[in-house]
Amino acid sequence: MNRLVMVCMAAVFGLGIVFSAPGTVAAATEPPAAPEAHPADTWHDDGHQANDVSAVPLTEKQKKRLAKLHERLFKDHKALIELYAEYGLITEEQKARKLEWLKKHHEQIKANDYRPFSGKKKHPHHAESHHPEFRSTEPNPPSEQDM
1 MNRLVMVCMA AVFGLGIVFS APGTVAAATE PPAAPEAHPA DTWHDDGHQA NDVSAVPLTE
61 KQKKRLAKLH ERLFKDHKAL IELYAEYGLI TEEQKARKLE WLKKHHEQIK ANDYRPFSGK
121 KKHPHHAESH HPEFRSTEPN PPSEQDM
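Using my numbering, the letters of the sequence shown correspond one by one to residues 1 to 147.
Next up, the structure:
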């Protein structure tokens with residue numbers, strides 16, 4: 001008899017908890033509202049941005065902070081490349097190419113006010129080769145060799 005009373009008490013207690021807060025069950029099943037999109041928040045899976053980040057204003061303090069961090073990254077990356085060459089992990093030719101690319105990239109970042117690059121894709125063929133939904137359905141035009 002005591003066991004039956006205990007089971008009934010537990011059931012009543014459990015139902016009391018569920019019905020005492022009816023909004024919590026419904027709130028847990030509804031999807032959360034989407035936050036408002038900011039122009040800089042539209043990154044795609046392949047790493048590029050759809051919107052122009054130049055529309056986002058930066059203060060001088062923010063620009064200086066970004067410049068300082070990018071300068072430190074540049075120096076550290078340069079030191080890493082030099083160590084790779086010193087340890088024989090890359091050739092002197094590879095070192096020169098990598099340092100040249102790094103310097104050019106750093107200058108581009110400076111020219112862009114230390115903002116991430118815009119939505120221009122570096123390799124337009126990427127989407128076609130890795131994402132079937134972007135493949136062209138038109139046949140390729142015949143080349144001169146085929147004629």
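Note that beta-carbon positions come from the ideal geometry of N, C-alpha and C, so glycine has one too.
Query                                                                                                                : Result
Rounded to whole angstroms, what's the CA-CA distance from residue 116 to residue 68? Just pull it up for me.        : 15 Å
Taking three-plus beta-carbon pairs below 8 Å as touching, is the stretch 101-110 in contact with the stretch 63-78? : yes
Whose C-alpha, out of 5, 110 and 96, is nearest the C-alpha of residue 78?                                           : 96
Reducing DSSP to helix, strand and coil, say where residue 112 ends up.                                              : coil
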